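The numbers in UniProt numbering rise by one with no breaks, and the one at position 11 of the sequence shown is 11.
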Amino acid sequence: MIEVNVQKDSISVIGHAGYAPPGQDIVCSAVTTHVQALAASIDNLTDDTPDYTIAPGVFILKIKDLSEKSRTLVDSFFIGICGIVDAYPDYVRIV
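The structure is reproduced here in structure tokens:
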């Protein structure tokens, strides 16, 4: 199960979906793509220097003091993640 945890100052995405074997898991792939796109978008489209960690099964983004532009990117990320949660509720959840 992948858990997306939203706190006042951070977002964490932890775990593996377990939908299919590693390398074939479309749910993990979808979530990973969203996470990587969010980090790259903030890095490349804003002047913010976000504090984040990306590792297998782990993404933590500090969202305190982000610009309005970065916050819009975070909102877009949530729209995508909510779509994945709706499609695969047994494998991804927002806590």
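Positions of the beta carbon are idealized from the N, C-alpha and C atoms, including for glycine. Note that the structure is a prediction, hence the values are computed from the model and not measured.
To the nearest angstrom, how far is it from the Cα of residue i to the Cα of residue j?
i	j	result
residue 80	residue 43	19 angstroms
residue 10	residue 23	28 angstroms
residue 72	residue 65	13 angstroms
residue 7	residue 13	11 angstroms
residue 27	residue 74	20 angstroms
residue 82	residue 90	13 angstroms
residue 84	residue 77	11 angstroms
Could you have a look at residue i and say whether DSSP puts it in helix, strand or coil?
i	result
residue 33	helix
residue 62	strand
residue 46	coil
residue 55	strand
residue 92	strand
residue 10	strand
Please name the residue in the options whose C-alpha comes closest to that of residue i.
i	options	result
residue 46	77, 95, 30, 67	67
residue 36	86, 25, 20, 53	53
residue 31	70, 56, 69	56
What's the call for residue i, buried or exposed, on a 16-neighbour Cβ count within 10 Å?
i	result
residue 40	exposed
residue 2	buried
residue 87	exposed
Between residue i and the rest of its own chain, which residues show a CB-CB distance below 7 angstroms, the 5 nearest in sequence each way excluded?
i	result
residue 51	62
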